[in-house]
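Numbering (my numbering), first residue to last: 4 to 477.
Each remark here refers to the structure printed beneath this line.
This is the structure in structure tokens:
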């Protein structure tokens with residue numbers, strides 16, 4: 004798996020993808036729960052001279068469909084199983100399996116487009132969409148440029164484990180690691196911007212954001228890149244938030260400040276999260292800088308007051324070059340809850356249903372992600388340094404959270420800490436029951452709003468599925 008550490012998708016795409024991911028996170032079973040017909044397509048991967056390329060790793064990231072053409076959907080594991088990965092053969096041929104349709108029996112979506120990433124140590128990583136009614140005979144990959152980095156710490160000692168984070172609008176290069184070195188032959192040509200990160204228990208050592216230029220046929224080798232402890236970021240929730248703090252978390256999105264213009268590239272960004280202590284204090288021991296630090300804080304009944312009304316974009320602070328630490332202070336505002344009762348048309352309680360909502364936080368880069376997301380760049384880097392590729396950052400998320408719960412023996416569930424001032428949605432998943440679809444609608448979620456400090460009450464009547472989900476083997 005290649006991680007670009009940037010968010011450039013629209014919030015609508017992310018909402019659909021992330022909601023689907025949460026709903027099916029624990030349904031990523033060995034066999035699909037709603038199996039569908041599976042077909043495959045082939046194409047040939049070639050270089051600039053039209054010669055076949057073997058050993059290219061290809062991953063189908065997601066799909067588009069006929070019924071909802073403007074939206075992007077994450078891989079539908081309940082219909083076809085784990086994310087599809089394949090590799091090109093000696094003749095350059097590569098095959099992709101895909102579901103003819105996906106979703107649930109009540110509302111199938113027809114696959115029209117595959118979103119595919121290509122990765123190879125000697126070619127520039129590529130991400131493209133293939134329409135099933137216009138499959139290209141060949142896809143051309145660009146030969147990459149060779150780059151090697153070596154790092155040292157403050158004492159001049161070589162650093163054995165580090166990861167290069169490169170500013171890019173494309174997929175990340177395929178890096179190879181040996182003790183004290185990171186190499187790739189798949190860097191795109193031109194001016195590049197990079198930061199090295201060496202993980203440790205305090206949060207990591209970081210290099211400065213540095214620029215270099217690549218050219219085909221030339222090796223770029225940069226030794227002795229200094230990596231140092233980052234800067235401390237800390238704070239305390241305002242006194243207006245009652246103590247003890249319950250279920251408190253602060254997440255930060257750190258956008259590095261470059262010395263030169265990005266020139267259309269995505270910024271190098273760093274993500275981290277930490278718990279809030281009962282007394283309201285929190286701390287990040289090592290954060291890269293100089294940078295803009297976007298802060299999101301949430302706890303039971305309260306959320307950081309955002310800088311833009313109606314959008315959860317938190318507060319942003321400047322972490323300057325000459326600062327060794329940054330104290331952040333901000334106001335909080337009350338959230339609301341939604342209490343939901345699930346019932347069948349016969350008046351019976353629906354037990355064990357997955358009920359979720361997905362308020363988003365808007366990131367400085369222009370993309371968005373779930374407000375409950377606690378992804379840490381450090382965790383992703385640790386996996387990549389170990390050579391782990393078949394995983395998703397969602398694997399590290401807790402099974403339930405404030406916005407995702409399971410209905411109890413009385414069919415009740417409460418989703419907490421919902422932002423006020425915006426329309427949100429409730430979705431339900433259950434093996435035997437489902438929310439009814441409105442005529443002409445693609446999604447069957449229920450809209451709602453909450454008021455500060457209050458609980459919205461909802462009764463949702465579910466209908467029996469025509470095709471129940473198979474019971475799991477015990």
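Glycine included, C-beta positions come from ideal geometry on N, C-alpha and C.
- Here residue 374 is not bridged, per DSSP, to any residue.
- Taking the Cα of residue 421 as reference, the smallest distance to any Cα among 391, 413, 313 and 468 is reached at 313.
- Here residue 439 is exposed, its C-beta having fewer than 16 other C-beta atoms within 10 Å.
- The beta carbon of residue 185 lies closer than 6 Å to those of 152, 167 and 178 in the same chain, with the five residues before and after it left out.
- Here residue 308 is near residue 334, since their CB atoms are less than 7 Å apart.
- The three-state secondary structure of residue 102, taken from DSSP, is strand.
- DSSP places residue 411 in the coil class of the three-state scheme, outside both helix and strand.
- When secondary structure is reduced to three states using DSSP, residue 363 falls in the strand class.
- DSSP lists 155 as the bridge partner or partners of residue 161.
- With respect to the 7 Å criterion, residue 234 and residue 292 are classified as neighbours on the basis of their beta carbons.
- Boundaries of the alpha helix (DSSP H) around residue 388: 380-388.
- Taking a contact to require three or more Cβ pairs closer than 8 Å, the segment 284-299 and the segment 256-266 qualify as touching.
- Excluding residues up to 5 positions away in sequence, 182 and 183 lie with their Cβ nearer than 6 Å to the Cβ of residue 163 in the same chain.
- Per DSSP, residue 307 lies in no alpha helix (DSSP H); the unbroken beta strand (DSSP E) holding it starts and ends at 305-307.
- Counting of Cβ neighbours within 10 angstroms places residue 51 among the exposed residues, the total staying below 16.
- Here residue 348 is exposed. Its C-beta has fewer than 16 other C-beta atoms within 10 Å.
- In the assembly as shown, residue 106 is a buried residue. Its beta-carbon has 16 or more other beta-carbons within 10 Å.
- In the DSSP assignment, residue 82 falls outside any beta strand (DSSP E) and within the unbroken alpha helix (DSSP H) covering 80-83.
- When 429, 412 and 413 are compared, the shortest CA-CA separation from residue 419 is found for 429.
- By the Cβ-count criterion, residue 427 is buried, with 16 or more other Cβ atoms from all chains shown falling within 10 Å of its own Cβ.
- Between the C-alpha atoms of residue 365 and residue 93 there is a straight-line separation of about 44 Å.
- Where residue 37 is concerned, there is no enclosing beta strand (DSSP E), because DSSP gives it neither an H nor an E.
- Residue 301 holds the alpha-carbon nearest to the alpha-carbon of residue 337 among 326, 301, 346 and 316.
- Short of 6 Å from the beta carbon of residue 121, and not among the five residues preceding or following it, lie these beta carbons of its own chain, in chain order: 59, 61 and 129.
- Taking every protein chain shown into account, the CB of residue 215 has fewer than 16 other CB atoms within 10 angstroms, so this residue is exposed.
- Cβ atoms of residue 192 and residue 224 stay farther apart than 8 Å, at about 16 Å.
- Residue pairing for residue 119: DSSP places it in a beta bridge opposite 63 and 131.
- Restricting attention to beta strand (DSSP E) runs no shorter than 3 residues, the segment 155-221 encloses them at 166-169, 179-181, 184-190, 193-201 and 213-217, ordered along the chain.
- For residue 226, the secondary structure class from DSSP, reduced to helix, strand or coil, is strand.
- DSSP assignment within the segment 253-324 yields the following whole beta strand (DSSP E) runs of 3 residues or more, N-terminal first: 272-278, 284-290, 294-302, 305-307 and 318-322.
- DSSP, reduced to helix, strand and coil, places residue 55 within a strand of the structure shown.
- The criterion of a C-beta distance shorter than 7 Å is satisfied by residue 169 and residue 197.
- Assigned with DSSP and collapsed to three states, residue 232 falls in strand.
- Burial check for residue 404: the Cβ neighbour count within 10 Å reaches 16 or more, so the residue is buried.
- Non-local C-beta neighbours of residue 88 in its own chain, meaning closer than 6 Å and more than five positions away in sequence, comprise 62, ordered along the chain.
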